Ligand SMILES: Cc1cc2nc3c(=O)[nH]c(=O)nc-3n(C[C@H](O)[C@H](O)[C@H](O)COP(=O)(O)OP(=O)(O)OC[C@H]3O[C@@H](n4cnc5c(N)ncnc54)[C@H](O)[C@@H]3O)c2cc1C
């Protein structure tokens, strides 16, 4: 690693809040430039399980950033071979699209190759590239105040820390965001009920076989179930549909009670093949998540000592771009802070934020348009999806 920080960051302490893919990538990129960085993460320790299943990195975003961070070889050693293949079925388990039996096409030089990696494995991989003790675990950020040009940060466990520059990479319920803007998230109209299955091979063998270590979507008019493998042999599923904004409160369902959620899902998917119910039955704990987004025309005045990246800056409905975009933010921010083109911190942060918001605006609009087709497909949108995949192969 280079030893001396570029002049804007010389003698500056940087605090990154959140050890997600965005925050960790930024820490790695800044350390390569010699900056003094700590990452404060609310998870109790590195072994705490990361929510969610696999994510795919893209040629011109996530993979490009891995290359810039000198982590591409580590990624190649850790990604889940063949998990990028896609299978689409209908509610009766008729196969509409199938990439599972296609030959091996792994090629990191191909811009269409989107290798998948388990989220926890990705986290560990980036942490291994950091200086020892960069991540401070069990540090749930609560608030901060400015004392003599320095931020004094307060954490839930009573700890405090100081930093000259604070970067909020603390995800969709960011606590840092309110120091940058008061623009609030909006509801997309779609909600997902998410579940994880530890031993699908035993608990729901038919579904395990159908997923076959790849990406499975099951779609019918108005509802979808997506199932993905996890690196530990488990499965994650997302049951998605459109719901009123206050549905979680008005549904009468106790989402902490697995039996109640199971009963709801079996009723909601009553005319689907009962094999899907084995997924719900095998899940011991559900998470219900309204899919929100920040407005795509958001703007704020840059500050010299606090900024945002990833979901904290531009939460959008899932579209396969979130992790990739958070990583691109990290690359852009690290470049603006260290490339020597800016005479002061505020100009560097402003240049980064302009680029970050412009990119997020385009992707966010696409994600908002796409979420209805994912959560509440129509006959036409399912046919369009099949056509799109087939055209891509021609
Ligand atoms: C159902 C679903 C499926 C998705 N699938 C994909 C996909 O396939 N591909 C893709 O690219 N994206 C996907 N996304 C989006 C993706 O998960 C996010 O965009 C991405 O994780 C954002 O990265 P981040 O680093 O900004 O934030 P996060 O990944 O949310 O990380 C934030 C980190 O901050 C920590 N934190 C939070 N609050 C505090 C606090 N107060 N103090 C300290 N630490 C804190 C959290 O514990 C976490 O470690 C999906 C999203 C959802 C909801």
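Residue numbers (the UniProt record's numbering): 1 to 394.
Even glycine gets a Cβ: it sits at the ideal position worked out from N, Cα and C.
Note that the coordinates shown come from a computational prediction; the quantities given were computed from them, not determined experimentally.
Next on the checklist: Give me the DSSP bridge partner(s) of residue 88.
Outcome noted: 97 and 217
Item to check | Own chain, CB closer than 7 Å to residue 331, minus 5 neighbours either side, in chain order | outcome: 29, 65 and 68
Checklist entry - By how many angstroms is the C-alpha of residue 159 removed from the C-alpha of residue 374? => result The alpha-carbon of residue 374 is positioned some 42 Å away from that of residue 159.
Item to check | residue 78 Cβ short of 6 Å to ligand 3 heavy atom set | outcome: Ligand 3 is absent from the structure shown, which contains only ligand 1.
Checklist entry - Where do the ends of the alpha helix (DSSP H) carrying residue 361 lie? => result 345 to 375
Next on the checklist: On the CB-based measure, 16 or more other CB atoms within 10 Å of its CB, does residue 2 come out buried or exposed?
Outcome noted: Residue placement at residue 2 is flagged as unreliable, the pLDDT there being 49, under the threshold of 50; the coordinate-derived value follows with that caveat. Exposed.
Checklist entry - Between residue 186 and residue 293, what straight-line distance do the alpha-carbon atoms span, to the nearest angstrom? => result 5 Å
Next on the checklist: Could you give the first and the last residue of the continuous alpha helix (DSSP H) run that contains residue 144?
Outcome noted: In the DSSP assignment, residue 144 falls outside any alpha helix (DSSP H) and within the unbroken beta strand (DSSP E) covering 141 to 147.
Next on the checklist: Taking 6 Å as the cut-off, is the beta-carbon of residue 318 closer than that to any non-hydrogen atom of ligand 1?
Outcome noted: yes
Item to check | Helix, strand or coil at residue 289 according to DSSP, with G and I counted as helix | outcome: strand
Next on the checklist: Going by DSSP in three states, residue 235 sits in which element: helix, strand or coil?
Outcome noted: strand
Checklist entry - Could you give the C-beta distance for residue 338 and residue 167, rounded to a whole number, given that I count them as a contact under 8 Å? => result Not really, about 14 Å apart at Cβ, beyond 8 Å.
Checklist entry - Does residue 324 have its Cβ less than 7 Å from a Cβ in chain D? => result Any reference to chain D falls outside this structure, which holds one protein chain only.
Checklist entry - By the 10 Å Cβ neighbour count, where 16 or more other Cβ atoms means buried, how is residue 334 classified, buried or exposed? => result Answer is buried; the Cβ neighbour count reaches 16.
Checklist entry - When you compare only the Cα positions, how much space is there between residue 188 and residue 366? => result 12 Å
Item to check | Status (buried if at least 16 other CB within 10 Å, exposed otherwise) for residue 387 | outcome: exposed
Checklist entry - Looking at the unbroken alpha helix (DSSP H) that takes in residue 6, where does it start and where does it end? => result Careful: residue 6 lies outside any alpha helix (DSSP H) and carries neither H nor E.
Next on the checklist: Below 6 Å, is the gap between the Cβ of residue 141 and the nearest heavy atom of ligand 1?
Outcome noted: yes
Checklist entry - Going along the chain, which residues of its own chain have a beta-carbon closer than 6 Å to the beta-carbon of residue 151, five neighbours each way excluded? => result Cβ neighbours of residue 151 beyond the five flanking positions: 144, 163 and 166.
Checklist entry - For residue 68, does the three-state DSSP call read helix, strand or coil? => result helix
Checklist entry - If you draw a straight line from the C-alpha of residue 257 to the C-alpha of residue 382, how long is it? => result 33 Å
Checklist entry - Less than 7 Å separating the beta-carbons of residue 196 and residue 236? => result yes
Item to check | For residue 111, the nearest candidate out of 79, 58 and 138 (CA to CA) | outcome: 58
Next on the checklist: What does the alpha-carbon distance come out to for the pair residue 226 and residue 87?
Outcome noted: Cα to Cα, residue 226 sits roughly 10 Å from residue 87.
Checklist entry - Does the pairing of the stretch 35 to 52 with the stretch 2 to 22 give three or more beta-carbon distances under 8 Å? => result yes
Checklist entry - Would the stretch 203 to 219 and the stretch 75 to 95 be scored as touching if the rule is three or more Cβ pairs under 8 Å? => result yes
Next on the checklist: Here's the rule I'm using: 16 or more other beta-carbon atoms within 10 Å means buried, otherwise exposed. How should residue 50 be labelled?
Outcome noted: buried
Item to check | For residue 312 and residue 322, the rounded distance between their alpha carbons | outcome: 11 Å
Item to check | Extent of the continuous alpha helix (DSSP H) run through residue 262 | outcome: Following the DSSP letters along the chain, one finds residue 262 inside the alpha helix (DSSP H) bounded by residues 258 to 268.
Checklist entry - Would the C-beta of residue 19 count as close to ligand 1, meaning under 6 Å from any of its heavy atoms? => result Here the distance from the Cβ of residue 19 to the nearest heavy atom of ligand 1 is below 6 Å.
Checklist entry - Hey, residue 397 and residue 169 are a contact pair by Cβ (cut 8 Å); roughly how many whole angstroms apart? => result With the chain covering 1 to 394 only, the question about residue 397 has no answer from this structure.
Next on the checklist: Please return the same chain residues whose Cβ sits closer than 6 Å to the Cβ of residue 42, not counting the five positions on each side in sequence.
Outcome noted: 140
Item to check | Cβ-based neighbour list, residue 405, same chain, cut-off 7 Å, excluding 5 preceding and 5 following | outcome: It is not possible to answer for residue 405, since the shown part of the chain is limited to 1 through 394.
Next on the checklist: Going by beta-carbon coordinates alone, are residue 229 and residue 83 separated by less than 7 Å?
Outcome noted: yes
Checklist entry - Could you give the uninterrupted runs of the alpha helix (DSSP H) lying entirely in the stretch 11 to 79, keeping only those of 4 residues or more? => result As summarised for the stretch 11 to 79, the continuous alpha helix (DSSP H) elements at least 4 residues long and confined to that stretch are 21 to 32, 62 to 68 and 72 to 78, given in chain order.
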